[in-house]
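For the sequence shown, UniProt numbering puts the final residue at 350, and the numbers step up evenly by one.
Ideal Cβ positions, reconstructed from N, Cα and C, are used throughout, including at glycine.
Single-structure report; data block below.
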Amino acid sequence: MEASTPGRARRGWRRARAAGSPLSWATVVLLLSVFLARASSPVDYLIRLPRGFRLTQDTVKIVGSSNYPVKVYVMLHQKSPHVLCVTQRLRNSEMIDPSFQWHGPRGKIISENSTTQVTSTGSLIFQNFEEEMSGVYTCFLEYKPAVEEIVKNLQLKYVIYAYREPHYYYQFTARYHAAPCNSIYNISFEKKLLQILSKLVLGLSCEVSLLKSECHHVKMQRAGLQNELFFTFSVTSLDTEKGPKPCADHNCESSKRLSKAKNLIERFFNQQVEVLGRRAEPLPEIYYIEGTLQMVWINRCFPGYGMNTLKHPKCPECCVICSPGSYNPRDGTHCLQCNSSLIYGAKACL
Numbered sequence: 001m002e003a004s005t006p007g008r009a010r011r012g013w014r015r016a017r018a019a020g021s022p023l024s025w026a027t028v029v030l031l032l033s034v035f036l037a038r039a040s041s042p043v044d045y046l047i048r049l050p051r052g053f054r055l056t057q058d059t060v061k062i063v064g065s066s067n068y069p070v071k072v073y074v075m076l077h078q079k080s081p082h083v084l085c086v087t088q089r090l091r092n093s094e095m096i097d098p099s100f101q102w103h104g105p106r107g108k109i110i111s112e113n114s115t116t117q118v119t120s121t122g123s124l125i126f127q128n129f130e131e132e133m134s135g136v137y138t139c140f141l142e143y144k145p146a147v148e149e150i151v152k153n154l155q156l157k158y159v160i161y162a163y164r165e166p167h168y169y170y171q172f173t174a175r176y177h178a179a180p181c182n183s184i185y186n187i188s189f190e191k192k193l194l195q196i197l198s199k200l201v202l203g204l205s206c207e208v209s210l211l212k213s214e215c216h217h218v219k220m221q222r223a224g225l226q227n228e229l230f231f232t233f234s235v236t237s238l239d240t241e242k243g244p245k246p247c248a249d250h251n252c253e254s255s256k257r258l259s260k261a262k263n264l265i266e267r268f269f270n271q272q273v274e275v276l277g278r279r280a281e282p283l284p285e286i287y288y289i290e291g292t293l294q295m296v297w298i299n300r301c302f303p304g305y306g307m308n309t310l311k312h313p314k315c316p317e318c319c320v321i322c323s324p325g326s327y328n329p330r331d332g333t334h335c336l337q338c339n340s341s342l343i344y345g346a347k348a349c350l
């Protein structure tokens, strides 16, 4: 009987090694073809994967606690993390015939809801989280630890808050030597200065707003009285209003654009000092006073939101929507308890 191809290949390999001669290209090609033929042949073996095997990377998942409500923070207009209807212990255990039922501020949650999804494994997911979705969510879990054991019941509570980034902006103050305080030249100069500053940051989707402009008489040592303009203006991002961000690029974040706008404004005032230093003739009637530019970084929340590092330690710099029975004051910094004696608070709590 004629030897099979693998058999001939093995004998050729032995003869080549015994003779001490290098393998010919034909022999190498033959060996590779045999190997490939074996590798490509179908294998009818069932590969058994461990139970912990995962094909994809997990998204953020939050487990509950049977001892206390778990706080969950969801960015406004974004998809929420997966809120699981299990504790950490049950997550690593087997459950026989589990049954999940979710209830929210508006009652029972069905899996067919367009904005809220309940998966087959009991996870609660919000597709586009809105302000009014905040509240207490409860999951009722029924399961058997083993087939022969009785059904166990578990109730898990989550307090889900909507939050957004603070309203970041820079506040600048600058002083100018001015014309007499009742002069129309000061008003004209103020408008021109705002136009220049606005054009300077327009390409960064930022805007300049005048907060305050006052003219004062200042007594200088050995220089008598001088007229000075005190300018206070803010630089803010144009996309900080409520709603989804129009720009998803990392370089388009409000903080980055505001930082670039700050640098442009600082450079503008430094250039004014340089130009004045090169003047041979007397100074103009209105000019920037060197070293008076001051800047403050401010972050405030929108009405209805507040910051509270004690109540929300996992989200200390978030503007978290105020809980029921509380309101956001005009300064936009914290949530306060409702008080019927406060007109603004009473209105906000209706």
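- With a beta-carbon spacing of about 11 Å, V296 and K262 fall beyond the 8 Å limit used to define contacts.
- Sequence-distant partners of N153 (beyond 5 residues in either direction) whose C-beta falls short of 8 Å from its own C-beta, in its chain, are F140, L141 and E142.
- Sixteen is the threshold: since fewer than 16 other Cβ atoms of the shown chains lie within 10 Å of the Cβ of E131, the residue is exposed.
- When Cβ pairs closer than 8 Å are counted between the two stretches, the region 71-82 is seen to touch the region 307-317, the count reaching three or more.
- Counting every other CB atom within 10 Å of its CB across the protein chains shown gives L211 a total below 16, marking it as exposed.
- Around the beta carbon of I321, 16 or more other beta carbons sit within 10 angstroms, so the residue counts as buried.
- Secondary structure of K79 (DSSP, three-state): coil.
- Taken through DSSP and simplified to helix, strand or coil, G291 comes out as coil.
- Here the C-alpha atom of S65 lies approximately 54 Å from the C-alpha atom of K199.
- Exclusion of the five residues before and after G203 leaves no residue of its chain whose Cβ lies closer than 6 Å to its Cβ.
- Residue F231 holds the alpha-carbon nearest to the alpha-carbon of T173 among E190, V208, V136 and F231.
- Taking a contact to require three or more Cβ pairs closer than 8 Å, the region 270-281 and the region 181-192 do not qualify as touching.
- Distances from the CA of C215 to each of L225, Q221, Q117 and P105 were compared; the closest alpha carbon is that of L225.
- One Cα belongs to V201, the other to Y170, and the distance between them is close to 12 Å.
- No residue range can be given for Y68, since it is assigned to no beta strand (DSSP E) and is classified by DSSP as neither H nor E.
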